[in-house]
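Undergrad: What follows is a structure written as C-alpha cells; I'll ask about it next.
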Amino acid sequence: AQSVTQPDIHITVSEGASLELRCNYSYGATPYLFWYVQSPGQGLQLLLKYFSGDTLVQGIKGFEAEFKRSQSSFNLRKPSVHWSDAAEYFCAVVAGNYGQNFVFGPGTRLSVLP
Amino acid sequence: NAGVTQTPKFQVLKTGQSMTLQCAQDMNHNSMYWYRQDPGMGLRLIYYSASEGTTDKGEVPNGYNVSRLNKREFSLRLESAAPSQTSVYFCASSQEEGQPQHFGDGTRLSIL
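The following block contains the structure:
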C-alpha cells in the first residue's frame, strides 16, 4: 500500500524568505501526487497536482512542486513567503483511481515571522 | 458559488447519542467523500461515493454509516457516538473519481 511522509511537523520562516516543504512517498509505480493547504478553521484547498509529464508543476498562490522519481519525493516550494501563507500543508498520493487509495500525509504546519 | 456545504459546523454529543452530518455540493460532481482529521494524523477516509447510488468503505469506517441521497448530498451518520469519534469531519467532492478536490469547512464534533 502507498504511504506518504512529511518529515517536518512544524517549520518557521521569515516573511520574504524562500520555502521548501518536504514530501516523500512509497509506491511501486508512479503515483498521482497532490499538495493541499489548510488555513485555520477551514477545509483543504488544492494547490497543485502531478499526474505525468513535466516534473515541475505550477500551482496556485505562487507555489510549485517538483517530482523526483529517484528520491520518491514531491517537495513544495515558494520563492518568497507571505504572512498569509501561514497554514498547514498536506501532501497526498493516490494509486489507481479509487477514493480509498488516496492517502494524506500527516501535514506540516508553517509559521511565518514578520 | 457555495461549493461544498457542511452542517452543522459544531456539535457536542453525549456518548451513545446519534446524529447525522450533512454535506451538499453544487458543482455537479460525481464523487464525494467523508474524512476525519485528528492531530498529527492527516485526514483519514471514512467512506466515499464514486457516483450516485454507490458507496464504499474507506480506511476507518467502523461506527459510521453513509447515504448518498442524490448527486448533491452525501450524509454521514453516527449511530451510537463514542468519545473516540471526537474529531473534525470534512466532506469533499470531485469530478474525477478518487481525487478529492473541493472541501467543506468541516464539522467539529465533540463526544463527551
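These protein sequence lines map, in sequence, to chains A and B.
Letter by letter, the first sequence follows residues 1 to 114 of this note's numbering.
Letter by letter, the second sequence follows residues 1001 to 1112 of this note's numbering.
For glycine and all other residues, C-beta sits at the position ideal for the given N, C-alpha and C.
(1) Which bits of chain B does Pro-106/A rub up against, with CB to CB less than 8 Å?
(2) Given Leu-1021/B, which residues of its chain have a CB within under 6 Å of its CB, disregarding the five upstream and five downstream residues?
(3) Where does Gln-6/A fall in DSSP's three states?
(4) Are at least three pairs of beta-carbons, each pair with one atom in the segment 1035 to 1051 of chain B and one in the segment 102 to 109 of chain A, less than 8 Å apart?
(5) Return the CA-CA distance between Ser-18/A and Arg-69/A, expressed in angstroms with no decimal places.
(6) Counting only the same chain and skipping the five closest in sequence on each side, list residues whose C-beta sits under 8 Å from that of Glu-64/A.
(7) Whose Cβ in chain A lies nearer than 8 Å to the Cβ of Phe-1090/B?
(8) If we count the other Cβ atoms within 10 Å of its Cβ and call it buried at 16 or more, is Ala-29/A buried or exposed?
(9) Between which two residues does the beta strand (DSSP E) harbouring Phe-90/A extend?
(10) Quick check: the Cα distance between Val-13/A and Leu-110/A, rounded to an integer number of angstroms?
(11) So, is Phe-67/A buried or exposed, given that buried needs 16 or more other C-beta atoms within 10 angstroms?
(12) Could you pull the DSSP bridge partners for Thr-1055/B from this structure?
(13) Under 7 Å Cβ-Cβ, which residues of chain B neighbour Val-94/A?
(14) Starting from Tyr-32/A, find everything on chain B with Cβ-Cβ shorter than 8 Å and list it in chain order.
(15) With H, G and I counted as helix, E and B as strand and the rest as coil, what does DSSP make of Arg-1077/B?
(16) Just to confirm, are Tyr-1047/B and Gly-1063/B a CB contact at a threshold of 7 Å?
(17) Would you say Gly-1010/B reaches chain A, if we count a Cβ-Cβ gap shorter than 7 Å as a contact?
(18) Could you list which residues in chain B have their beta carbon closer than 7 Å to that of Asn-75/A, in chain order?
TA: With the structure as the only source:
(1) For the purposes of this step, residue 106/A is taken as the residue at position 106 of the first sequence. Within 8 Å Cβ-Cβ: Gly-1040, Met-1041, Gly-1042.
(2) Stepping through the second sequence from its first residue, residue 1021/B is reached at position 21. If we look at Leu-1021/B and ignore the five residues flanking it on each side, its Cβ neighbours are Leu-1076, Tyr-1089, Thr-1107.
(3) Here residue 6/A corresponds to residue number 6 of the first sequence, with the count starting at 1. Gln-6/A falls in the coil class under three-state DSSP.
(4) Look at the beta carbons and you see the segment 1035 to 1051 of chain B touching the segment 102 to 109 of chain A: at least three pairs across the two are nearer than 8 Å.
(5) Counting from one through the first sequence, the residue named residue 18/A turns up at place 18. Counting from one through the first sequence, the residue named residue 69/A turns up at place 69. Each residue's alpha carbon lies about 23 Å from the other.
(6) Position 64 of the first sequence, counted from the start, is the residue given in the question as residue 64/A. So the list reads Leu-48, Leu-56, Val-57, Gln-58, Leu-76, Arg-77, Lys-78, once near-sequence residues are dropped.
(7) Locating residue 1090/B in the second sequence gives position 90, where the first residue counts as 1. Residues of chain A passing the Cβ test: Gly-43, Leu-44.
(8) One-based indexing of the first sequence puts residue 29/A at position 29. Exposed: under 16 other Cβ atoms inside 10 Å.
(9) For the purposes of this step, residue 90/A is taken as the residue at position 90 of the first sequence. 87 to 94 is the span of the beta strand (DSSP E), which, as asked, contains Phe-90/A.
(10) Looking up residue 13/A in the first sequence gives position 13. Looking up residue 110/A in the first sequence gives position 110. Going by the C-alpha atoms only, they are around 8 Å apart.
(11) As a first step, residue 67/A must be located in the first sequence, where it is residue number 67. Answer is buried; the Cβ neighbour count reaches 16.
(12) Position 55 of the second sequence, counted from the start, is the residue given in the question as residue 1055/B. In the DSSP output, where bridge partners are listed per residue, Thr-1055/B has none listed.
(13) In the first sequence, counting from the first residue as 1, residue 94/A sits at position 94. Those within 7 Å of Val-94/A in chain B are Gly-1098, Gln-1099.
(14) Numbered from its first residue, the first sequence carries residue 32/A at position 32. Gln-1099, listed in chain order.
(15) On the second sequence, position 77 is the one that residue 1077/B refers to. DSSP places Arg-1077/B in strand when its eight states are reduced to three.
(16) By 1-based counting over the second sequence, the position of residue 1047/B is 47. By 1-based counting over the second sequence, the position of residue 1063/B is 63. No, Cβ-Cβ distance for Tyr-1047/B and Gly-1063/B is not below 7 Å.
(17) Position 10 of the second sequence, counted from the first residue, corresponds to residue 1010/B. In the sequence under discussion, the amino acid at residue 1010/B is Phe, which differs from the Gly named in the question. No - not a single Cβ of chain A is within 7 Å of the one on Phe-1010/B.
(18) Counted from its first residue, the first sequence places residue 75/A at position 75. Correct list: empty, because the minimum Cβ distance to chain B is about 17 Å.
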